[in-house]
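Accompanying notes for the structure given below.
In my numbering, the protein residues as written are 22 to 154.
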């Protein structure tokens with residue numbers, strides 16, 4: 022159900038972005054054309070400016086009240102990350118660090134719990150095995 026909702030959100034964002042991309046630009050050259058990065062639709066942005074967009078709601082751990090950023094370079098091209106050599110929007114501010122820490126702690130607790138449970142099961146099977154005639 023969550024995955025269907027996520028796919029629908031992405032599809033709607035893509036449709037909205039295609040609508041925006043197909044209209045006549047209102048900005049003077051140079052500017053970065055609108056683009057869809059699989060999560061968000063970035064609007065036409067003047068060269069040398071940074072666009073912001075609310076963080077996607079469908080990404081677990083993201084806070085939709087925060088903002089992601091996408092830099093339009095002076096030459097009218099979107100920022101390209103030096104390590105990946107691909108256009109890159111900065112979603113790092115979207116992560117709710119308190120929620121992230123909480124989720125890591127929950128994962129740690131259930132990993133320890135399952136490990137203890139598995140050890141208890143193995144111990145009980147061993148005891149049953151050695152006590153059977």
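Just so it is clear, CB atoms sit at the ideal spot from N, CA and C, and this is done for glycine as well.
Bear in mind that the values here come from a model prediction, so they are computed numbers and not experimental data.
- Residue 71 sits in a strand when the DSSP states are folded into three classes.
- Residue burial annotation: residue 113 is exposed, with fewer than 16 other C-beta atoms found within 10 angstroms of its C-beta.
- Counting the other CB atoms within 10 Å of its CB gives residue 34 a total of 16 or more, which places it among the buried residues.
- The C-beta distance from residue 61 to residue 77 rounds to 6 angstroms, short enough to meet the 8 angstroms contact threshold.
- The alpha-carbon separation between residue 99 and residue 80 amounts to approximately 23 angstroms.
- With three or more CB-CB distances shorter than 8 angstroms, the region 85-93 counts as touching the region 57-72.
- About 18 angstroms separates the beta carbons of residue 65 and residue 75, which is beyond the 8 angstroms limit, so they are not a contact pair.
- For residue 150, the uninterrupted alpha helix (DSSP H) segment begins and ends at 118-152.
- Boundaries of the beta strand (DSSP E) harbouring residue 91: 88-92, taken from the DSSP string.
- Residue 82 places its beta carbon 8 angstroms or farther from that of residue 127.
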